Structure formats: C-alpha cells, structure tokens
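Report on one structure; see the data block that follows.
Numbering (the working numbering), first residue to last: 1015 to 1294.
Below is the structure:
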C-alpha cells in the first residue's frame, strides 16, 4: 500500500457517507436488508473511484479498501454482518489479559476488535502473509492507541521455510497455500512458520484463543501442532473457518481427541472450546 495519507483524509462524505450510515443500520437477520445493502454498496464503491475510506469499526480506527477484498467490504458497509457470533463469543470468554492469535488476519478486523475490548495487558498477534494486505494491517494497527497488537508477516503452515501462496484476484481474503477456485491469480513466495514455532518466537506460554482462517489449510496447521504442543499451549478457544470439503482429515473429530468440543457453528466458521483436561 503506497498511500500513507493521515487517517481522516478519506472520511466518508456526501452520498457515500449516507449509504454507509444506512447499511450500518440494517438488521443482521434481514434478508431484504442484505439485498439492499449489496445494491447500495455497489453504488458507493462506484462513487469512490478506487479510493479507500477511513472509518471506526468495532471500536477501532481502520482504513478500508472495498474493492477486491470481501472482508473490507463487509466491515465497511455492514459490520453487523461480519462474524457477529464469533466476535460475541470472544468478548464473552476472553479475559482482559488475553493472549489471542489472529492467523489469516487480513486487514485486522478480529485483532483490532479484540484489542478494543481487552485490557492493556493483552497480547494479540496478527499474522498475514500477503505483502500489500499486510501493509493495510499495519496501517490500521498504527491508527489505534491499544499497543497490544503485533503484526507478523508470514504464513503459518505444517512446516517452516518458503511456500507458494496462490492469490485470488477477486477476493484477497481467499488467497491460500492450497490451489482453490480457478487459480487465475498470481503466485508469490512467502516465508512460513509452524504454529508451534510462532508461539516460541513470540515467547508465549499460554494461548486463550486462536482464529484460524487459511482457506482450507487449517488441518495442515493444527494436526502437527496438537501432536507436539504441551498441554499448557493448547488454546482454550478455536475459531476455524469451515473447510470440511478441503481438509484431508476429519478435523472436528480430531479436535475431540484433544479435549475440544464444538460449541457453535456459523455460516462460515466452527467454534470449539477445550476443557482443562485432555480427553482420554
């Protein structure tokens, strides 16, 4: 991201501001409202002419580019539709001094949401491998006073080294270490670490929650981690993008053997909580 203009340069105005106010008020359970939001969103995006918008979402300042990234579109125009159950779960269960990992952080919606309600003793690690998306993430982190979020530029995988990341040109949030969709986008090489190495590198001795959104590679990351990690490092809460059709193992059943139980599922994600003692 080459645009380093001060936050507030792209404050919504005129028709675009009116549209964002209207779409932000649509009830999350309204089918008609969702259709209206999509229609109004297209109008606003055409009016923006490629420029971003500076807004406050989930108690955090963000600069959002609503073009080829569905996450930014949702957070900008309909933040109430963006994983409401998952965000509510984290706010209800995480302590003020929480340790939270946002793997596949995108532009930081989860990481900054947690930072906004957690205390100054929290530790939040936001991991994003795409260089231009990482630039947006670090910009957003820098606009806020939390000082609890650290951005890490790498992928998390089943082995350390350099890996190929397949870029989805229509939705940067669906770029993956596995070939997905039509694979029409670019391929880039990114550094990768294992989840266990990430925790060691950050000096973490406990993890309260992990959000893992890596477009179908969740099983590749979790299987070796669960096998190698000591009990003290197993996260209490896991939010995992539902990649059932892409996983090479039955991940929910595998998680059960490590003491996790599924407590909820949304349209996109599975939510697990772990008891204090591993299941036999």
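Heads up, the beta-carbon is just placed ideally off N, CA and C, and yes, glycines get one too. Fair warning: this is a prediction, and the values are worked out from it, not measured in the lab.
Beta carbon of residue i, beta carbon of residue j: below 7 angstroms?
i: residue 1218; j: residue 1141; result: no
i: residue 1249; j: residue 1224; result: yes
i: residue 1116; j: residue 1135; result: no
i: residue 1041; j: residue 1034; result: no
i: residue 1233; j: residue 1265; result: yes
i: residue 1159; j: residue 1204; result: no
i: residue 1286; j: residue 1252; result: yes
i: residue 1177; j: residue 1132; result: no
i: residue 1129; j: residue 1166; result: no
i: residue 1346; j: residue 1075; result: A question about residue 1346 goes unanswered here, because the residues of the chain that appear run from 1015 up to 1294.
i: residue 1057; j: residue 1080; result: no
i: residue 1240; j: residue 1272; result: yes
i: residue 1201; j: residue 1180; result: yes
i: residue 1061; j: residue 1030; result: yes
Could you check what DSSP says for residue i in three-state terms: helix, strand or coil?
i: residue 1211; result: helix
i: residue 1228; result: coil
i: residue 1092; result: coil
i: residue 1251; result: strand
i: residue 1017; result: coil
i: residue 1070; result: strand
i: residue 1085; result: helix
i: residue 1025; result: coil
i: residue 1169; result: strand
i: residue 1274; result: strand
i: residue 1128; result: helix
i: residue 1160; result: coil
i: residue 1077; result: strand
i: residue 1283; result: strand
i: residue 1106; result: helix
i: residue 1056; result: helix
i: residue 1035; result: helix
i: residue 1294; result: The pLDDT assigned to residue 1294 is 37, lower than 50, so where the model puts this residue is not dependable, and the model offers no usable value.
i: residue 1266; result: helix
i: residue 1258; result: coil
i: residue 1121; result: coil
i: residue 1187; result: Because the pLDDT of residue 1187 is 48, which lies under 50, any placement of that residue in the model is unreliable, and the number read from its coordinates should be weighed accordingly. Helix at residue 1187.
i: residue 1146; result: helix
i: residue 1042; result: coil
i: residue 1097; result: coil
i: residue 1047; result: helix
Between residue i and residue j, which are expected to be in contact by the criterion C-beta below 8 angstroms, what is the C-beta distance as a whole number of angstroms?
i: residue 1055; j: residue 1087; result: 6 angstroms
i: residue 1263; j: residue 1237; result: 7 angstroms
i: residue 1052; j: residue 1067; result: Not really, about 17 angstroms apart at Cβ, beyond 8 angstroms.
i: residue 1122; j: residue 1082; result: Between residue 1082 and residue 1122 the Cβ distance is about 17 angstroms, and since that is not below 8 angstroms, they are no contact.
i: residue 1284; j: residue 1276; result: 6 angstroms
i: residue 1126; j: residue 1046; result: The pair is not a contact, with the Cβ atoms about 30 angstroms apart (cut-off 8 angstroms).
i: residue 1212; j: residue 1221; result: The Cβ separation is near 10 angstroms, so there is no contact.
i: residue 1085; j: residue 1038; result: Between residue 1038 and residue 1085 the Cβ distance is about 16 angstroms, and since that is not below 8 angstroms, they are no contact.
i: residue 1099; j: residue 1278; result: 6 angstroms
Considering only DSSP beta bridges, list what residue i is partnered with.
i: residue 1202; result: 1179
i: residue 1113; result: 1137
i: residue 1240; result: None; residue 1240 has no bridge partner.
i: residue 1220; result: Answer by DSSP bridge pairing: none, since residue 1220 is not bridged.
i: residue 1288; result: 1274
Q. Any contact of the region 1079–1096 with the region 1159–1173, i.e. 3+ C-beta pairs under 8 angstroms?
A. No, they do not touch.
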